[in-house]
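Right, one structure below, let's go through it.
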Amino acid sequence: MTIFELSKSGRTACPLQKRDVEEYKLDPKFLREADAMLPEVDELTLVRHYTALSKKAFGVDDGFYPLGSCTMKYNPKINEAAAALSGFTNIHPLQDQTQGALRLMWELSRDLCAITGMDMFTLQPAAGAHGEFTALLMIKAYHNSRNDHKRNKVIAPDSAHGTNPASAAMAGFEIINIPSSSDGLADLEALEKAVGEDTAAFMLTNPNTLGIFDKNIKKIADIVHKAGGLLYYDGANLNPIMGIIRPGDMGFDVVHLNLHKTFSAPHGGGGPGSGPVGCKKLLAEFLPWPTVEEDNGVYRFSKPHKSIGSVKAFYGNFLVLVKAFAYIKTLGKDGIRNSAKMSALNANYLMARLKEYFPCHSQDICMHEFVISCEELKQRTGVSALDLAKAMQDKGMHPPTMYFPLIVKEALMFEPTETESKETLDNAADIIIELCHEALNNPQSFHEKPLTTPIGRPDEVKAARFPILKG
Amino acid sequence: MAKYYPHTESDIKQMLSVIGIDSVDSLYAGLEELKAEDIDLAEGMGQQGCERYIDKLSKQNKVYSSIFLGAGAYNHYIPAVVRNLAGREEFLTAYTPYQPEISQGILQTIFEYQTMICNLCGMDLSNASVYDGATALAEGLLMLAEKGKNKVLFSEGINPKYLEVVKTYLRAQNVEIEYVGLDGSGKTSIEELKRKLDQNTFAVALAQPNFYGVIEDAQAVGEIVKQRGANYIMSCNPISLALLKTPDECGADVATGEGQPLGMPLSFGGPYLGFIAAKQKYMRKMVGRIVGKTTDSKGKEAYVLTLQAREQHIRREKASSSICSNQAHCALMATLYMAAMGKKGMKEVASQCVSKAHYLAKKMTALEGFELKYGGEFFNEFVIRSKISSDKIIAACREKDILAGLKLGENEILWCVTETNSVEDMDKLIEVLKEAM
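Heads up: the sequence lines are chains E and F, in that order.
The numbering of the first sequence is my numbering, which starts it at -8 and goes up by one.
The numbering of the second sequence is my numbering, which starts it at 281 and goes up by one.
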């Protein structure tokens, strides 16, 4: 039942005081014909409705959430407390006397530079894809500023996140997809062939979407740079190397981070995120404005010399910045580095426990995540990656990412993150192994699963064919 | 030392032995030469130390007791019930609802959000939200792009910060922006619009109310745009839509806007919420997530992410946009806000904004040397020209803990009034202005 179906004419939860001035009536020619159809409910009905809905959602606080490439780590409560401070929530973006907010943004930028090995950061982009778009515009502006107008192609591996090619297209580039080698790494030969005087950039995430660290990274950087292109780091997978190995030292020129993944800001059911972009000096003058600068302990906004413009009305998702700031300040250098290590340890442990049951595509040692294939299981039993994932829901865990990366058939991608205990990982491994046995013995049972969730499997074809998009 | 991982030494030992290596550092074997020796990051403060430090930073920001500044970010009353329900961890700590069976709560709230936005705008469909009002306008314009046309007409009444963002987005697609100025009443000039609207124009963009608070004759603009066969996009303040003609009634194809007034605090500019709603024929061009209603295997009502063939994870470079996330938690706040205020309450907020803004404008213009810059009907913002300088007014206000409006020029200020400004606050502001004279 929706909130509209709970409505009754005349009810309201509106807490407003009475108007204390004379009513002003606008010229009727500007007014809408009928009132907007909005719910009419009392406050308790409202509370019960949305409390019930919240119970039909699953967050990190509810259970294990090994969603690959999404870094569903615990979101510390101190982050929320910090972001709820009146000195942050009740300041207008265009007001004066905001030195505390500016200083926070400045320090966060410096800390992100230290972690990534970059020279400058913008905190304006609202999400990872937004950061990609921003960085690609900077790359475009860089080449154009050198009168190098023929660089209109962006190269990305076929294992890349879908946002990579989509952002490149939005930034006005053509996309060249290159295949990965059989072990899931960037194919150096294919890259050599693809680069040329039309190459604007190569987009890469390292570790890649199979959770493998590409040890050829310096060679890759050389190939791209020799061709006159720039190397772009998709920061979605930074977690297992944060503070240990830096994109800047690997040869990357520009990076976007996901503060809602790596730096523990909550995902909010799909946002708001934050996707800061950091760059080496050669790109700094193209950063979007405003950026924050410091002068003798005084902080202010400024506009880089050849800025690409703004990508958001104000300065970014400020409260998300506060959460990431709290995380970094609480943990500090050792805490950040150790968290990275424990994320790799957890992924390798879970992988080791599942290895004998599924072919694994992430080499002997993975980083933050690993990918298994259910292809064999499906051939033998008819139970697919999807079936297995749905069955996990009945066991109280969130399924891993399904069918990604596209280069592995029947893929399940696990990213446990560092905040999970050995007991949680053992429990998850036991569940998956048990399901594996069940698939061999009783494959038919899977097609009905999940059985204990608020709904069974939804008819997605019907949803797309006969779209009902509002109530 | 502060940490959020639970590993004990014996855990680590046992885990390493299952993996078959002897140390955690072995996980990084072969990467030694890439490792950063030291990084310029301070040691951790721990939770207690961090809380103290951040609290100190927050106090270095001035929280005004009385706010008359709007210009794209509005100080409205946020019911406690909105903050409370939005804080529920299931909503906050969940990912994008990829697994519908355990995400019905999030999917249904987005569906309700889409319904409310559609009803507010008179539109057929809405997405699950985008980053903010500025990017909503930019993405909305890109949705309307047509082959063989490369110009948009952009009203100068649109927030200049939105223009900055739109320029950034459209430049990448080689779309030209031409501007339509305002007439003496502060409305977008119909004459200039007619003159500039040519065969090469694929869209006309208008703000309602505009940046200077003036209510546009949006229906008249719509008629002209339709006559010439172009597309029409509006950027609206959602509170105003409780009273004003809907974008649909004005003939718009796409309605966008900044959702922050719907229950989100000012927060130094974000996170906010961009909404995009459109007529049915733009369904396949809509950007971002959309939730649809369907049934489950047993015929039970169910909600899912749908029409995903438009999106980046399927279409890659051919997607309608690269947007992946939305501002789901902000959309939740907007849903809670609209549900709490309800049909009557939303109208009441809008009407109080209008009445109070007119009260203040009347009091201000009664002062010697203060006049309204524009003659047009206004919503809750208005531009005042004064003999005394803007700087002097703003400084005088600051001294009395009042955040004055936005300085537009040496003697021009854009003032904003909402339902949060009491008659006492406004009378106090008038006294401050009198003293400043």
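Quick reminder that beta carbons are idealized off the backbone N, C-alpha and C, glycines included.
Its chain contains Ile106, Lys324, Ile327, Arg328 and Ala331 as the residues whose beta carbon lies nearer than 7 Å to that of Gly234/E, once the 5 sequence neighbours on both sides are disregarded; these appear in chain order. Using a Cβ-Cβ cut-off of 7 Å, Tyr65/E is close to Tyr284 of chain F, given in chain order. Around the beta carbon of Ser515/F, 16 or more other beta carbons sit within 10 angstroms, so the residue counts as buried. Using a Cβ distance threshold of 9 Å, Cys365/E and Glu406/E do not count as a contacting pair.
For Ala510/F, the nearest beta carbon of chain E is not closer than 9 Å to its own beta carbon. Nearest in C-alpha terms to Ala162/E, of all of Ser635/F, Lys643/F, Lys598/F and Gly622/F, is Lys598/F.
Against chain F, a Cβ distance below 8 Å from Ile169/E picks out nothing, because the smallest value is about 14 Å. Counting only Cβ-Cβ distances below 8 Å, Tyr442/F has contacts in chain E at Ala304, in chain order.
Taken atom to atom, the span from the alpha-carbon of Lys565/F to that of Leu683/F is near 42 Å. Note that the segment 424 to 433 of chain F touches the segment 446 to 459 of chain F; at least 3 beta-carbon pairs, one per stretch, sit closer than 8 Å.
With its beta carbon less than 9 Å from one in chain F, Thr321/E belongs to the interface. The beta-bridge partner set that DSSP reports for Cys516/F consists of Gln488/F and Gly537/F.
Separation of Leu349/F and Leu44/E (C-alpha to C-alpha, rounded to the nearest whole angstrom) is 36 Å. Residues of the segment 236 to 268 of chain E with a Cβ closer than 7 Å to any Cβ of chain F, in chain order: Ile236, Arg237, Asp240, Met241, Pro257, His258, Gly259, Gly260, Gly261, Gly262, Pro263 and Gly264. Rounded to whole angstroms, the separation of the alpha carbons of His389/E and Phe395/E is 16 Å. For Asn480/F, there is no enclosing alpha helix (DSSP H), as DSSP marks it with neither H nor E. The Cβ atoms of Asn249/E and Gly59/E lie no closer than 9 Å to each other. For the pair Leu222/E and Leu176/E, the Cα-to-Cα distance works out to about 16 Å.
Of the other Cβ atoms in all chains shown, fewer than 16 fall within 10 Å of the Cβ of His140/E; this residue is therefore exposed. Listed along the chain, the chain E residues whose CB falls inside 8 Å of the CB of Asp576/F are Ile446, Gly447, Arg448, Pro449 and Asp450. Boundaries of the alpha helix (DSSP H) around Glu503/F: Ala498 to Gln507.
A residue is called buried when at least 16 other Cβ atoms come within 10 angstroms of its Cβ; His40/E meets this threshold and is buried. The residues Lys636, Ala637, Leu640 and Asn660, in chain order, have a CB closer than 6 Å to that of Val697/F in the same chain once the five nearest residues on each side in sequence are set aside. Of the candidates Thr62/E, Gln88/E, Cys104/E and Ser100/E, the residue whose Cα lies closest to the Cα of Ala374/F is Thr62/E. Proximity of the segment 353 to 371 of chain F to the segment 525 to 545 of chain F meets the contact definition, three or more beta-carbon pairs being nearer than 8 Å. His134/E sits in a helix when the DSSP states are folded into three classes. Bounds of the beta strand (DSSP E) holding Ala192/E are Thr190 to Leu195. By the criterion of a C-beta distance shorter than 7 Å, Met129/E is surrounded in its chain by Val245, Cys270, Leu274, Phe277, Leu278 and Ile299, once the five residues flanking it on both sides are discounted. When C-beta atoms of the segment 353 to 368 of chain E are compared with those of the segment 155 to 173 of chain E, fewer than three pairs fall below 8 Å, so the two segments do not count as touching. A straight-line Cα-Cα distance of about 13 Å links Met109/E and Leu99/E. Here the alpha carbons of Asp705/F and Ile668/F stand approximately 21 Å from one another. By the neighbour-count definition (other C-beta atoms within 10 Å, threshold 16), Lys627/F is a buried residue. For secondary structure counted as the alpha helix (DSSP H) over 4 or more consecutive residues, the segment 338 to 379 of chain E holds these complete runs in sequence order: 366 to 372.
Glu451/E and Met(-8)/E have their C-alpha atoms spaced approximately 20 Å apart. Take the alpha-carbon of Leu688/F and the one of Ser670/F: they are about 8 Å apart. Ser435/F is positioned such that its CB atom lies no closer than 9 Å to that of Phe555/F.
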